[in-house]
Structure formats: structure tokens, C-alpha cells
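K.L.:
First residue of the sequence shown? That's 1 in the numbering used here, and the numbers climb one at a time after it.
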Amino acid sequence: MGVLLALIPAIGWGIQPLIASKVGGSPSNQIFGTGFGSLIIGLFIYAMYGSVTGINFWISFGAGFLWSLGQVGQYISFTQIGVTRTMPITTGLQVVGTSLIGVIIFGEWSGTVSKLVGLLAIILVVLGVAFTAITDKKAGNSAKGSLTKGLAVLVPTTVGYWAYGALPKAVSASGLHLFFPEMLGIFIGAVIYNLVMTKGKSFVQKESWLNGLIGLDFGISSLAYIFAAQAAGVASAFVITQLNVVVATLGGLLILHESKTSRELKFTLSGLVLIVVGSVMTAFL
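#1: Output yes or no for whether 9 Å exceeds the beta carbon distance between Y164 and W67.
#2: Between the stretch 149-165 and the stretch 31-44, are three or more C-beta pairs nearer than 8 Å?
#3: So, helix, strand or coil for T261, using DSSP?
#4: Count the other C-beta atoms from every protein chain shown that fall within 10 angstroms of the C-beta of H257, then say buried if there are 16 or more, exposed otherwise.
#5: For the structure I just gave you, are there three or more beta carbon pairs, one from the stretch 245-253 and one from the stretch 1-17, closer than 8 Å?
#6: Note down, in chain order, each residue of its chain lying with its Cβ closer than 7 Å to the Cβ of A173, except the 5 sequence neighbours on either side.
#7: Since G25 and S208 should fall inside the 8 Å C-beta cutoff, what is the C-beta to C-beta distance between them, to a whole number of angstroms?
#8: Using C-beta distances below 6 Å, list every residue in its chain close to L120, excluding the 5 sequence neighbours before and after it, in chain order.
#9: May I have a chain-ordered list of the beta strand (DSSP E) segments no shorter than 3 residues that lie completely inside the stretch 158-197?
#10: Between which two residues does the alpha helix (DSSP H) containing G111 stretch?
#11: For A170, count neighbouring Cβ atoms within 10 angstroms of its own Cβ and tell me buried if that reaches 16, exposed if not.
#12: Given a threshold of 16 other Cβ atoms within 10 Å of its Cβ, counted over all protein chains shown, does A228 qualify as buried or as exposed?
#13: Got a sec, what are the start and stop residues for the alpha helix (DSSP H) N244 sits in?
#14: Taking the alpha helix (DSSP H) that S38 belongs to, which residues open and close that run?
#15: I'd like to know whether the C-beta atoms of I122 and V96 end up nearer to each other than 9 Å.
#16: If you reduce the DSSP assignment to three classes, tell me which class N56 lands in.
#17: What is the residue span of the alpha helix (DSSP H) that G14 lies within?
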């Protein structure tokens with residue numbers, strides 16, 4: 001049962017970029033829709049299970065707020081380098097950053113063997129990211145320029161994803177009780193971004209509300225991950241959910257028809273394998 005539950009976020013998180021691309025709209029529309037849809041699921045869980053309070057509420061809220069920063073960076077990157085490059089790179093950055101935070105701040109990977117295996121896992125992930133970013137010379141300088149711009153957005157905003165993964169570790173509570181403040185934080189982050197970038201104009205645009213599908217997908221997938229982790233264990237659930245990067249990348253190729261040369265495609269698929277293997281290794285340390 002836990003394995004089946006883990007397939008929900010694996011597929012759900014993987015199709016988020018595809019929904020965003022098909023629905024359309026600007027990154028402002030997409031992040032607002034994500035926040036709005038997520039809050040709906042958050043309110044549903046709050047009504048059923050309640051929430052943490054006090055400082056734990058604000059830590060969880062902050063985690064969701066900062067996650068919205070990472071997600072905005074991802075949406076912007078989609079417009080610059082496409083889904084098939086963005087997803088492997090952002091996944092790799094998340095795995096590396098979250099792992100290092102766990103080791104340095106929370107004392108994870110205790111023991112020499114664990115640290116060595118963890119280091120190997122990080123090297124595999126970094127190599128995988130490098131493979132997926134390879135651009136053929138005949139693709140032209142514009143493609144390479146776009147990749148540079150995409151990385152300039154993805155690298156700093158990924159800090160938001162790192163915080164989302166790290167902050168809840170400071171709270172002694174179940175994922176269900178952290179869920180509502182996290183979703184509220186995502187919504188407030190989305191609202192503030194839209195107020196700054198569009199002065200609220202995006203609130204009345206239909207694309208903003210249609211992109212609520214992304215938020216509903218994210219909320220349901222995140223909820224399924226909580227139950228999957230309870231049923232199958234965190235490590236097993238995490239491993240299965242890492243397939244989301246494969247779903248997103250292959251979806252970008254097959255559904256969004258993002259073009260790659262034969263050589264680029266071989267490196268991208270090889271990079272995906274390395275990222276997934278490296279991610280799996282970190283889950284069992």
C-alpha cells in the first residue's frame with residue numbers, strides 16, 4: 001500500500017511542469033495558482049487533523065513561504081531552458097543541498113562509511129546534472145545563453161527548496177499537523193510575489209485561477225507522500241517519489257515536444273539515471 005501511495009507524488013509532482021506548460025500564463029499566474037490550490041488542500045487537512053501552534057506553526061509557515069521562492073524560480077526557468085533541462089537540474093540541486101544541510105546541521109550520515117557513500121551519491125547527482133545541461137555546439141549561442149540565464153535563476157532560488165526540506169526537521173510534530181501552515185506559507189508567498197511583480201493585476205487573470213490545478217496536484221501529492229512515508233518508511237517513499245524527475249523530463253520530450261539532438265538526448269537520459277541512483281543512495285544513509 002505504501003508503494004502505491006508513493007507513486008501518487010512520483011506522478012503528481014512529475015506532471016506539475018506539464019500542467020503549467022499546457023495551462024499557460026506567466027510565472028506570476030503559475031505561482032498564484034499553485035498557492036491557491038495548495039491552500040484548498042491545506043484547509044481540508046486542517047479541518048480534519050488540526051495544526052501545530054506557536055513557534056512550530058511559524059517555522060512550518062516559513063518553510064512553505066520559502067518553498068514558493070524555489071517554485072517561482074522553477075517556473076521562470078521553464079520559460080528560459082524548458083522542462084527537460086530545468087527538472088533534472090533543480091532536482092539535483094535539491095538533493096545535493098538538502099543532503100549537505102542534513103550532514104552539517106543535523107548530524108546525519110554519521111560514520112565514515114556513510115559519509116563516503118554520501119559523497120559518492122552527491123558526485124553522481126552532480127554528474128547527472130552536468131549531463132542533462134550539455135548543449136551541442138550546433139544548438140547555437142542562444143541556447144547556451146538561455147542555459148546560463150536559467151542557472152542564474154535556479155541556483156539562488158533553490159535555497160527556498162532547501163529551507164522547505166530542512167525547517168520542518170526542527171519541529172517535533174507529524175507531517176499532517178505541519179501541512180496547513182506549510183500550504184498557507186506557500187499561498188502567502190505567492191500573493192506577495194504577485195503584488196510585487198504585477199501589483200495584483202494577475203489576480204483577475206483567468207490563467208491564475210486555471211493554474212490552481214497545479215496547486216491541487218501539489219497538495220494531493222504532498223499529502224500522499226506523508227501517508228506513503230508512514231506506511232512504507234521515509235527512505236522507501238523518498239526513493240519512489242524521485243521518479244518524478246523522470247516523469248517530468250520524459251513528459252517534456254514526448255508531450256511538450258521539447259527538442260534535443262540525438263547526443264543531447266543520450267546525455268539527458270544518462271543524467272537522469274545518475275540523478276535517480278544518487279538520490280536513492282542518500283535515502284538509505
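Glycine residues also receive a C-beta, built at the ideal position from the N, C-alpha and C atoms.
P.N.:
According to the data block:
#1: Here residue 164 refers to the residue found at position 164 of the sequence shown. Here residue 67 refers to the residue found at position 67 of the sequence shown. Yes.
#2: Two segments are said to touch when three or more pairs of C-beta atoms, one from each, lie closer than 8 Å; by this definition the stretch 149-165 does not touch the stretch 31-44.
#3: For this step, residue 261 is matched to residue 261 along the sequence shown. Coil, per DSSP.
#4: Here residue 257 corresponds to residue number 257 of the sequence shown, with the count starting at 1. The residue in question, H257, is exposed, as its Cβ has fewer than 16 Cβ neighbours within 10 Å.
#5: For the pair of segments examined, the stretch 245-253 was found to touch the stretch 1-17: the number of CB pairs separated by less than 8 Å reaches three.
#6: Counting from 1 along the sequence shown, the entry for residue 173 is found at position 173. In the same chain as A173, and ignoring 5 residues on each side of it, the C-beta atoms closer than 7 Å to its own belong to V52 and N56, in chain order.
#7: Walking along the sequence shown from the start, residue 25 turns up at place 25. Walking along the sequence shown from the start, residue 208 turns up at place 208. Their Cβ separation, rounded to whole angstroms, is 7 Å, which keeps G25 and S208 in contact under 8 Å.
#8: Counting from one through the sequence shown, the residue named residue 120 turns up at place 120. Spatial neighbours of L120 in its own chain (CB-CB distance under 6 Å, excluding positions within 5 residues in sequence) are not present.
#9: The stretch 158-197 contains no whole beta strand (DSSP E) run of 3 or more residues.
#10: Residue mapping note: residue 111 aligns to position 111 of the sequence shown, counting from 1. Element bounds for G111: n/a, residue is neither H nor E.
#11: As a first step, residue 170 is located in the sequence shown; it is residue number 170 there, counting from the start. The Cβ neighbour count for A170, taken over all protein chains shown within 10 Å, is under 16; the residue is labelled exposed.
#12: Working through the sequence shown from its first residue, we reach residue 228 at position 228. That one is buried.
#13: On the sequence shown, position 244 is the one that residue 244 refers to. For N244, the enclosing alpha helix (DSSP H) stretches over residues N244 to L254.
#14: Numbered from its first residue, the sequence shown carries residue 38 at position 38. Taken as a continuous stretch (DSSP letters only), the alpha helix (DSSP H) holding S38 covers P27 to Y49.
#15: As a working mapping, residue 122 is identified with position 122 in the sequence shown. As a working mapping, residue 96 is identified with position 96 in the sequence shown. Yes, these two residues count as a Cβ contact at 9 Å.
#16: Here residue 56 refers to the residue found at position 56 of the sequence shown. N56: helix per DSSP, three-state reduction.
#17: Taking the first residue of the sequence shown as 1, we reach residue 14 at position 14. Taken as a continuous stretch (DSSP letters only), the alpha helix (DSSP H) holding G14 covers G2 to V23.
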